[in-house]
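Reviewing the structure listed below.
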Amino acid sequence: MRHDASPGRPVLRVRSFINPAAVDCDLWHRRVRQNTAEATMARLLEVLLVLNTVAGPADRLPDVLRAIGQQYRVVSTAPPRLAVVEAEEGQVPALRQAPGVRMVVEGDIPPDLLAELTASERLFAQAWRMQATQAKGERRGEGLPWDAPGFTPPDPPRRP
Numbered sequence: 001m002r003h004d005a006s007p008g009r010p011v012l013r014v015r016s017f018i019n020p021a022a023v024d025c026d027l028w029h030r031r032v033r034q035n036t037a038e039a040t041m042a043r044l045l046e047v048l049l050v051l052n053t054v055a056g057p058a059d060r061l062p063d064v065l066r067a068i069g070q071q072y073r074v075v076s077t078a079p080p081r082l083a084v085v086e087a088e089e090g091q092v093p094a095l096r097q098a099p100g101v102r103m104v105v106e107g108d109i110p111p112d113l114l115a116e117l118t119a120s121e122r123l124f125a126q127a128w129r130m131q132a133t134q135a136k137g138e139r140r141g142e143g144l145p146w147d148a149p150g151f152t153p154p155d156p157p158r159r160p
């Protein structure tokens, strides 16, 4: 730091250099953002898996789910033979071919499948289907700020 002719007024000189690595970093970040945007455009589906319990002993089912969980996100299970899995739209055919998978349900549950399920499995499958078809965001005030006119703000935090 040096002082110019005016006493008490410091002058700061700053030199900047263009770092070629920084330019490449910017390009890399743009590509990452673009690839991330493209990846998020892939449509994710929640599908109902019916596992094949006849093919092997029941103690193999956790192995089947573990293998599926290495490639897909297992959202929920209803042992011994139902699971809800999240997969990209293009991955569903491969999921159908996975060892131990008897059926993959994407939309409505086939009536013959419902007929063969136990009461608890039927409840699980119907709840999954209802959740998938239920409209999102139908609550009164959905999307409004918490202090919007006509709504009561939350209580302030209680002090001990």
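Those letters in the sequence shown? Residues 1 to 160, by the UniProt record's numbering. C-beta: ideal position from N, C-alpha, C; glycine also.
Taking every protein chain shown into account, the CB of VAL47 has 16 or more other CB atoms within 10 angstroms, so this residue is buried. Rounded to the nearest whole angstrom, the CA to CA distance from ALA125 to GLN97 is 21 angstroms.
Beta-bridge pairing by DSSP links SER120 to no other residue.
Contact between VAL85 and LEU49 holds: CB atoms are separated by about 6 angstroms, below the 8 angstroms threshold. The beta carbon of ALA148 sits closer than 7 angstroms to those of GLY141, all from its chain and outside the five residues before and after it, given in chain order.
In the DSSP annotation of this structure, the continuous segment of the beta strand (DSSP E) that includes LEU51 starts and ends at 44-51.
Residue nearest to MET103 within the set ASP63, GLN134, THR53 and GLY90 is THR53 (criterion: CA-CA distance).
LEU82 places its beta carbon less than 7 angstroms from that of GLU121. Taking the Cβ atoms as the reference, ARG43 lies roughly 4 angstroms from GLU89, within the contact range of under 8 angstroms.
For ALA119, the closest of PRO79, PRO62, LEU51 and ALA67 by C-alpha to C-alpha distance is PRO79.
Between VAL64 and LEU51, the C-beta spacing is below 7 angstroms.
Scanning its chain for C-beta atoms nearer than 6 angstroms, with the 5 sequence neighbours on each side dropped, one finds no residue around ASP155. Here the alpha carbon of GLY69 sits roughly 24 angstroms from the alpha carbon of ASP108.
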